[in-house]
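These notes are about the structure you will find just below.
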Amino acid sequence: MPQPKDTSVDRLVDELVDAAKVIHNRDGLKPTQATRVSEAFSLLVSGPQLGSSKAVANRKVYFEFLTLVDKNVGRKGVVLCAAALGVSRVASWRDRMRVDLPIRIKEREGELMSQKLEVIANTCESTEDALQWL
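For reference, each letter of the sequence shown is one residue, going 73 to 206 in the numbering used here.
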C-alpha cells in the first residue's frame with residue numbers, strides 16, 4: 073500500500089518521536105530497520121555512486137539528507153531517520169522538506185533521542201554492526 077505524501081515537517085517529527093519510543097521500548101531494531109541503518113552508514117562512508125539511474129539519484133538525495141542529519145543531530149539522528157524513513161520515502165520529498173527536517177529534529181532532540189539510539193549509533197562504525205540490534 074503506498075504511503076501518503078508527507079506534507080508537514082512537524083508531522084514527520086511527531087512520527088520520528090513515536091518511532092524513537094518504539095525502538096527504545098523494543099530495546100532494538102526490527103530486521104528491516106537494522107538493514108536500513110546498516111545501508112545508511114555504508115552510504116555515509118562510501119558516498120553516493122556515480123550514474124544516472126533513478127536508484128542512484130535517490131541514493132544521492134538520501135546521502136545529502138543523511139549528511140545534514142549527521143551534521144545537525146549526529147549519528148543517533150542518522151539511526152533514527154534510517155530506521156523510520158528509508159531511501160525511497162526521503163527521496164520522494166521536496167528539497168525544502170529534506171532541508172528543514174534535520175533542523176526540526178535538532179529543535180526537538182530531547183523528545184527524540186534515547187539512550188538506545190545513542191548505543192546503536194556508537195556501535196555502527198561498520199556496515200554489519202547495526203544487525204546486532206535486531
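We treat Cβ as the ideally placed atom computed from N, Cα and C, and that holds for glycine. Fair warning: this is a prediction, and the values are worked out from it, not measured in the lab.
query                                                                                                                                     : result
Residue 124 burial status per 10 Å Cβ neighbour count (16 or more: buried)                                                                : exposed
Distance cut-off 6 angstroms: residue 127 Cβ against heavy atoms of the ligand SAM                                                        : This structure lacks the ligand SAM; in fact it carries no ligand of any kind.
Where the alpha helix (DSSP H) containing residue 82 begins and where it ends                                                             : 81-98
Per-residue burial, residue 175 [other beta carbons within 10 Å of its own, 16 or more giving buried]                                     : exposed
N-terminal and C-terminal residue of the alpha helix (DSSP H) that residue 182 is part of                                                 : 181-184
Residue closest to residue 111, alpha-carbon to alpha-carbon, out of 157, 191, 182 and 183                                                : 157
Top-ranked residue by Cα proximity to residue 82, from 136, 194 and 181                                                                   : 181
Local Cβ density within 10 Å of residue 119, reported as buried at 16 or more and exposed below that                                      : exposed
Chain-order list of residues whose beta-carbon lies under 6 angstroms from that of residue 154 (same chain, five-residue window excluded) : 108, 109 and 112
Rounded separation between residue 188 and residue 126 - CA only                                                                          : 34 angstroms
DSSP-derived helix/strand/coil call for residue 121                                                                                       : coil
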